[in-house]
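First comes the structure, then the notes that go with it.
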Amino acid sequence: MPELSKRTETFTDSVIRRMTRISNKYGAVNLSQGFPDFEPPRELLDRLAEVSNEDFHQYSITWGAQNFREALAEKQSRLMGRRIDPNAEIVVTCGSTEAMMAAMMTVANPGDKVIVFSPFYENYGADTILSGAEPIYVPLYPPEFNFDPNELEAAFRQKPKALILCNPSNPCGKVFTYDELKIIADLAEKYDTFVITDEVYEHIVYAPHKHTYFASLPNMWERTISCSSLSKTYSITGWRLGYIIAPPHIIDVAKKVHDFLTVGAAAPLQEAAVTGLRFGDDYYRQLTYKYTEKRDLFLKGLDDIGISHTIPQGAYYVLLDISEFGFDSDLDFCEKLAEKVGVGAVPGSSFFRENVNHLIRLHFAKKNDTLNEALNRLSQIKKLKL
Ligand code: GLN
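All the letters of the sequence shown, read from the start, carry residue numbers 7 to 392 under the working numbering.
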């Protein structure tokens with residue numbers, strides 16, 4: 007038999023998705039893969055029901071339905087502080103996952119280097135491999151997950167083609183300050199580098215922290231490829247609706263990459279989601295309020311149990327320190343946690359370039375009842391001590 011592709015030799019399956027399967031196997035409360043168990047906004051579901059009887063069952067325009075791009079452009083223009091052109095500056099993709107992949111393929115040649123902060127969302131590793139690029143990892147140091155500007159500049163000196171910026175960050179919950187983003191921006195300009203952002207948690211930010219769109223920094227529009235999705239904002243991770251926003255000459259290429267990768271995102275879902283894109287600011291305020299309440303409930307529960315953890319500034323993940331349990335492998339710990347305690351988590355090692363295996367990631371995008379049930383089960387966690 008011929009050999010399979012070299013490119014995939016170093017691939018493992020996604021640990022995040024694997025942990026969902028392990029959670030299901032043990033009937034655990036699944037706080038591993040980050041997705042809500044509560045309903046999307048009723049207006050979206052009602053519109054989805056209507057759309058099924060309307061004429062949206064064939065391909066939409068490959069780079070996104072006109073209606074969707076116009077609603078998205080209006081929303082993002084308001085937030086990003088510049089007029090986004092719905093016809094020239096947007097590609098609608100199958101989730102931010104495809105947006106990131108298409109962005110990488112748009113800028114990177116085989117052998118190009120790409121800066122990735124560590125810890126990082128596991129897809130970025132695969133994205134670089136699939137596009138033939140080579141990651142340069144720059145550590146974020148706990149507890150605030152700050153970077154060292156000198157280490158970052160050393161990475162830029164290796165002449166990377168792009169830097170990947172997940173803000174707010176999965177898994178560490180960091181929200182980059184304006185000053186930190188400005189350091190990155192100045193380096194991107196000095197070393198003539200693209201910045202590919204993943205801003206899917208743009209609306210899940212806890213006061214007093216604030217989200218700054220990287221593309222809105224001085225001179226950054228020209229070199230920023232902003233990726234995001236509707237998954238987390240409207241609790242519709244299964245709809246797979248994401249997008250790229252960038253200057254027209256970048257979008258021209260991204261449109262082609264996207265067209266050949268997937269042709270397009272699901273037409274009926276794009277149409278139904280327009281309802282969400284047209285929500286007023288109140289919706290986003292309520293979303294922040296809802297997640298702040300969940301974060302506070304969950305962190306207080308963890309404090310009551312006595313497990314040390316990170317304090318997320320944004321996104322909906324928390325890293326727990328499991329050093330006291332004496333496990334050599336965080337993977338084994340997570341399997342035992344699912345089996346004996348009944349809670350699904352993701353081993354921290356799948357996010358870190360460094361040799362880290364004393365952390366696990368839990369998410370709190372769940373109904374308060376689900377979170378309370380998970381906390382109730384986690385109160386038994388000490389019995390996992392070796
Ligand atoms: N972003 C979510 C997480 O980190 C979901 C990932 C996925 O499976 N697409 O858990």
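All C-beta atoms in this analysis are idealised placements derived from N, C-alpha and C, irrespective of residue type, glycine included. Since the structure is predicted, the reported quantities are computational estimates derived from the model, not experimental observations.
With respect to the C-alpha of Thr243, the residue from Asp43, Leu390 and Asp19 having the closest C-alpha is Asp43. Checking the 7 Å criterion, the Cβ of Asn176 is within range of a heavy atom belonging to the ligand GLN. The C-alpha of Val280 is placed about 11 Å away from the C-alpha of Val57.
Per DSSP, His255 lies in no beta strand (DSSP E) segment; the continuous alpha helix (DSSP H) that holds it begins and ends at Pro254 to Thr268. In this chain, the beta strand (DSSP E) harbouring Gly248 covers Leu247 to Ile251.
According to DSSP, Lys119 shares a beta bridge with Glu140. Residue pairing by DSSP places Asp204 opposite Cys172 and Cys233 in a beta bridge. According to the DSSP assignment, Tyr295 belongs to the alpha helix (DSSP H) that extends over Asp287 to Ile311. Under DSSP, Pro47 forms no beta bridge with any residue. Within the same chain, Ile90 and Ile251 come within 7 Å of Gln82 by CB-CB distance, once the 5 residues on both sides are set aside. DSSP places Leu343 in no beta strand (DSSP E); its state is neither H nor E. When beta bridges are read from the DSSP output, Asn363 appears opposite no residue. Pairing Val21 with Val347 gives a Cβ-Cβ distance that is not under 8 Å. Around the beta carbon of Leu384, 16 or more other beta carbons sit within 10 angstroms, so the residue counts as buried. Here Asp198 carries a coil assignment [DSSP, helix/strand/coil]. The three-state secondary structure of Tyr147, taken from DSSP, is strand. Exclusion of the five residues before and after Ser137 leaves Met110, Met111 and Ala114 as the residues of its chain whose Cβ lies within less than 7 Å of its Cβ.
For the pair Phe266 and Asn129, the Cα-to-Cα distance works out to about 20 Å.
In the DSSP assignment, Val113 falls within the alpha helix (DSSP H) that extends over Gly101 to Val113. Here DSSP, grouped into helix, strand and coil, assigns Leu158 to helix. Per DSSP, the continuous beta strand (DSSP E) segment holding Val324 begins and ends at Tyr323 to Asp327. With a cutoff of 8 Å on beta-carbon distance, Gly117 and Glu140 are scored as near each other.
Collapsing the DSSP output to three states places Asn59 in coil.
Per DSSP, Asp19 lies in no alpha helix (DSSP H) and is assigned neither H nor E.
Using a 10 angstroms sphere on the CB of Asp133, the tally of other CB atoms reaches 16 or more, which defines it as buried.
The Cβ neighbour count for Ile257, taken over all protein chains shown within 10 Å, is at least 16; the residue is labelled buried. The residue from Leu78, Met86, Lys119 and Leu85 with its alpha-carbon nearest to that of Thr99 is Leu78.
Nearest C-alpha to Pro318 among Pro145, Ser11, Pro214 and Glu45: Pro214. Pairing Arg291 with Ile210, the inter-Cα distance amounts to about 10 Å. As DSSP reads the structure, Leu368 sits in a beta bridge with Val324. For Asp375, the enclosing alpha helix (DSSP H) stretches over residues Asn374 to Leu384. For Asn73, the enclosing alpha helix (DSSP H) stretches over residues Gln72 to Met86. With a contact defined as Cβ atoms closer than 8 Å, Ile28 and Gly350 qualify at about 7 Å. Residue pairing for Gly350: DSSP places it in a beta bridge opposite Asn36. Asn30 carries a helical assignment under DSSP once its states are collapsed to helix, strand and coil. As a beta-bridge residue in DSSP terms, Val211 pairs with Gly320.
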